[in-house]
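In numbering that gives the first Met the number 0, the protein residues as written are 0 to 582.
Quick reminder that beta carbons are idealized off the backbone N, C-alpha and C, glycines included.
Every value quoted in this text rests on a predicted model; they were computed, and no experiment measured them.
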Amino acid sequence: MSVPASPFVLILGAGVNGACVARELALNGVAVWIVDRFDIAYGATAKSSRLIHGGLRYLEYGDVALVRESLEERARLLELAPQYVRPLRLSIPVQSAVGGMMSAGLRFLKLSRTSLGGRAARLLDGPRGRGLATVRAGLWMYDQLAGGGGLPGHTVVPVGDAPPHVDPARYGWMCRYFDAQMLQPERFTLALLEDAREVAERSGADFRVLTHCAARLTPEGVVLESAKAAADRIAPPLELPSQSFRPDCVVNATGAWGDWTLRDLHAAAPQLFGGTRGSHLLTRHAGLRKAIQGEGVYAEAGDGRLVFILPCDDAVLVGTTDEPFPDRPEDARATSAELAYLIGMVNEVFPQVGLTAADIASHYSGVRPLPHVEAGSTSAIPRGHWIDSRTVHGLAVHTLIGGKLTTCRALGEQGADRVFAGLDRIREASTRTRPIPGAQGLNQDADDRRKFLDTLAAAAGFPAETVAAAVRLLGSRAEPALLRLTDPDDRQLIVGTPWPRGFVRNLLEGEWVATLGDLVERRLLLPDSGHVTRETLQELAALCGIPENARPAAIDSLRGRLKDHYGIDGAASPSGASFAAAR
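Here's what the structure looks like:
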């Protein structure tokens with residue numbers, strides 16, 4: 000493998016932030032290699048609360064600039080990525096008319112980030128949390144910062160006048176406002192990389208995605224090595240440079256792995272990251288689904304922590320915890336204590352539901368790439384983003400710190416601008432108005448979306464469930480992907496799923512799939528759907544080209560990971576799983 004001529008940038012980390020930087024650079028004619036020790040969207044990208052939001056809680060901590068930026072990016076995503084981002088109404092149940100105003104003031108002035116101020120804020124919160132006046136003041140400011148943003152402003156209704164159906168004995172009012180959801184951040188990240196690849200192909204710039212690959216830095220340059228045994232790869236062996244090489248700079252976008260990455264690069268850097276673990280659970284409890292009526296709840300627990308209870312296709316997503324996590328991010332798991340806390344929070348808000356551990360369909364846990372701060376409340380850790388730049392062995396290394404799903408494009412833009420400054424290069428193109436692949440022909444109108452799905456189902460001759468599932472992954476790019484399937488074998492549905500064999504073959508050929516786990520977890524998103532039976536995995540393993548005698552071991556290994564990381568044992572029959580219609 001030959002190394003590109005200058006300008007050439009090496010990006011470490013194929014999560015959403017790394018993908019956004021890569022897209023910015025490719026759009027401006029810069030050669031990019033993006034390298035990840037694991038897979039695309041392996042870390043926090045796939046383990047978030049899946050909200051696209053301005054950060055109402057950040058406003059309480061005085062992070063007005065972050066909230067304004069987040070609301071601007073929310074509006075962009077609703078317009079430029081309607082296939083992945085949809086408006087969501089949330090309700091904040093409130094117990095008392097007053098309360099929390101003084102503690103909110105301490106937080107807004109950032110005094111609560113001191114040890115004394117933090118204790119004072121907790122004492123001033125009182126036993127009944129933030130009162131109606133405090134919440135309304137925050138939502139008024141939120142509306143002003145949004146400037147409309149294409150979504151309605153907030154309203155207040157008495158509990159019982161509108162869903163969700165929270166406990167009327169506990170709560171008196173519901174403060175209702177809009178944010179947005181992105182239920183498939185892994186697919187969004189893949190679309191970003193696809194856009195970068197297409198742009199690079201047109202311009203002739205070198206663009207490569209190298210997953211399951213590790214990088215280290217020596218005085219002579221960067222050395223790339225496979226991080227996955229050849230026998231475990233379903234893709235051809237990685238083609239890597241046989242010698243060290245020197246890109247123009249390195250972007251460290253490995254998120255919560257950032258400090259470990261800097262050590263691999265032999266960078267003399269202080270601790271930059273202080274990751275916190277966020278765990279979530281998914282449930283298909285019929286009573287809870289009925290209680291929320293397709294809307295979200297943003298509730299305050301008795302200990303002052305805030306929890307989301309959100310619709311997630313045909314399930315309900317509950318999260319999140321916020322615990323310091325000093326270990327390697329790949330070791331994060333949702334603990335029984337965290338799951339019990341989330342269940343208790345649901346039952347506190349919806350006592351009529353009676354959620355239990357047996358109702359958990361799956362769970363997951365990730366580590367937020369937050370900045371390192373001295374000991375204190377994790378909720379008070381700044382949630383913005385920064386770039387640390389330093390020189391290592393004569394090579395500029397730019398480390399992205401913080402960031403969230405909502406502001407990924409803005410951080411990618413800022414990261415690319417830092418690179419351009421070092422290259423003495425002027426930006427020629429922007430992503431601020433550039434649609435995400437798959438957005439063409441789609442918008443936020445439900446009737447238009449339904450018409451698109453019905454027309455495609457009739458033209459392609461596939462069941463409505465198949466078309467909806469394909470659009471869920473690809474947006475409008477599902478149209479050519481389904482219409483090209485004319486061979487009977489390509490049109491045959493994979494057991495227990497709505498996807499045709501040819502559709503999955505196309506994903507295998509074009510989406511940098513290197514292992515069976517890549518396909519199952521981050522291309523087809525099977526842990527969310529519950530379609531993880533042995534029969535389904537056997538057919539997918541065959542499509543991946545895994546030799547028949549090696550399939551049992553590969554399937555057993557993946558089932559072990561699904562059990563360990565998601566709480567899924569794969570024993571349920573396909574009929575018990577669900578693919579929600581993307582209508």
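*Can you round the beta-carbon distance between P163 and A290 to whole angstroms, since I take them to be within the 8 Å contact cut?*
Yes, P163 and A290 are in contact; Cβ-Cβ is about 6 Å, under 8 Å.
*Go ahead and label D326 buried or exposed: buried means 16 or more other beta carbons lie within 10 angstroms of its beta carbon, across all protein chains shown.*
By the neighbour-count rule (16 or more Cβ atoms within 10 Å), D326 is not buried but exposed.
*In the DSSP assignment, find the unbroken alpha helix (DSSP H) run with W139 in it and report its ends.*
W139 -> alpha helix (DSSP H) spans 131–145.
_Check whether Y363 and K46 have beta carbons under 7 Å apart_ = Yes, the Cβ-Cβ distance between Y363 and K46 is below 7 Å.
_Extent of the continuous beta strand (DSSP E) to which C543 belongs_ = Unbroken run through C543: none, as it is neither H nor E.
*For the region 1–11 against the region 243–259, are there 3 or more C-beta pairs whose distance is under 8 Å?*
Taking 8 Å as the limit for Cβ pairs, the verdict is that the region 243–259 does touch the region 1–11.
*Closer than 6 Å by C-beta to E329: which residues in its own chain qualify, once you throw out the five before and the five after it? Chain order, please.*
Closer than 6 Å at Cβ, skipping near neighbours: no residue.
_Exposure of I425, with buried meaning 16 or more beta-carbon neighbours within 10 Å_ = Exposed, by the Cβ-count rule.
*Where are the beta strand (DSSP E) runs, 3 residues long or more, that stay fully inside the region 389–418, in chain order?*
Complete beta strand (DSSP E) runs here, min 3: 394–401.
*Provide the residue span of the alpha helix (DSSP H) that contains W172, from first to last.*
Careful: W172 lies outside any alpha helix (DSSP H), inside the beta strand (DSSP E) at 172–181.
*asked:* In this structure, how does DSSP classify H284 when only helix, strand and coil are distinguished?
replied: It is coil, neither helix nor strand.
*Under a Cβ-count criterion, where at least 16 other Cβ atoms within 10 Å of its own Cβ denotes burial, should Q183 be classed as buried or exposed?*
With 16 or more Cβ atoms within 10 Å of its Cβ, Q183 is classed as buried.
*Quick one, which of F502, M181, R476, V158 has its alpha-carbon nearest P436's?*
P436 has its Cα closest to that of R476, out of F502, M181, R476, V158.
_Minimum C-alpha distance to G365 - residue among E299, G254, V470, N346_ = With distances taken between Cα atoms, G365 lies closest to G254.
_3-residue-minimum beta strand (DSSP E) runs that sit fully inside the region 226–260, ordered along the chain_ = Within the region 226–260, the complete beta strand (DSSP E) runs of at least 3 residues are 248–251.
*Would you report the Cα separation of R582 and E71, rounded to the nearest angstrom?*
With a pLDDT of 44 at R582, under the threshold of 50, the predicted position of this residue should be treated as unreliable, and no value is reported.
_For M173, the nearest candidate out of V155, R449, T454 (CA to CA)_ = Residue nearest to M173 within the set V155, R449, T454 is V155 (criterion: CA-CA distance).
*Minimum C-alpha distance to D313 - residue among C19, L287, L492, V306*: Of the listed residues, the one whose Cα sits closest to D313 is L287.
_Would A459 and L481 be called neighbours here (beta carbons separated by less than 7 Å)?_
A contact, by the Cβ cut-off of 7 Å.
*Tell me whether Y565 sits in a helix, a strand or coil according to DSSP, three-state version.*
Correct three-state label for Y565: helix.
*asked:* Applying the 10 Å Cβ sphere with the 16-neighbour rule, what's the burial state of A445?
replied: Per the 10 Å Cβ criterion, exposed.
*Nearest-angstrom beta carbon gap, H397 and V531 [assumed within contact, 8 Å]*: Not confirmed; about 38 Å, so no contact.
_Do A438 and A74 count as a contact pair if the criterion is CB distance below 7 Å?_
For A74 and A438, no; Cβs fall outside 7 Å.
*For G12, which three-state DSSP category applies?*
In this structure, G12 counts as coil in the three-state DSSP scheme.
*Report the three-state DSSP secondary structure of E299 (helix, strand or coil).*
Strand, per DSSP.
*Are the CB atoms of T405 and I91 nearer to each other than 7 Å?*
No, these two residues do not count as a Cβ contact at 7 Å.
_In whole angstroms, give me the CA-to-CA distance for A213 and K227._
Roughly 9 Å separates the two Cα atoms.
*Give me the Cα-Cα distance between P157 and A132, rounded to the nearest whole angstrom.*
If I take the Cα positions, the gap works out to 14 Å.
*Apart from the five residues just before and just after P350, which ones in its own chain have a Cβ nearer than 7 Å to its Cβ?*
Spatial neighbours of P350 in its own chain (CB-CB distance under 7 Å, excluding positions within 5 residues in sequence) are listed in chain order as D166.
*As assigned by DSSP and simplified to three states, the class of D444*: Here D444 sits in coil by DSSP.
*Buried or exposed: P497, going by 16 or more other Cβ atoms within 10 Å of its Cβ?*
Counting the other CB atoms within 10 Å of its CB gives P497 a total of 16 or more, which places it among the buried residues.
*Excluding sequence positions up to five away, which residues of its chain have a Cβ less than 7 Å from the Cβ of V20?*
Answer for V20: I10, V250, A252, G411, G414, A415, listed in chain order.
_Whole-angstrom C-beta distance between A25 and F206, which should lie under 8 Å_ = With a Cβ gap of about 6 Å, F206 and A25 count as contacting.
*Can you round the beta-carbon distance between I386 and G566 to whole angstroms, since I take them to be within the 8 Å contact cut?*
Contact between I386 and G566 is ruled out by a C-beta separation of about 36 Å, above the 8 Å threshold.
*Does A30 have its Cβ less than 7 Å from a Cβ in chain C?*
Considering every chain present, this structure includes no chain C. It has just one protein chain.
*Would you kindly work out how many angstroms separate the C-alpha atoms of E238 and V296, rounded to a whole number?*
When the Cα atoms are used, E238 and V296 turn out to be separated by approximately 48 Å.
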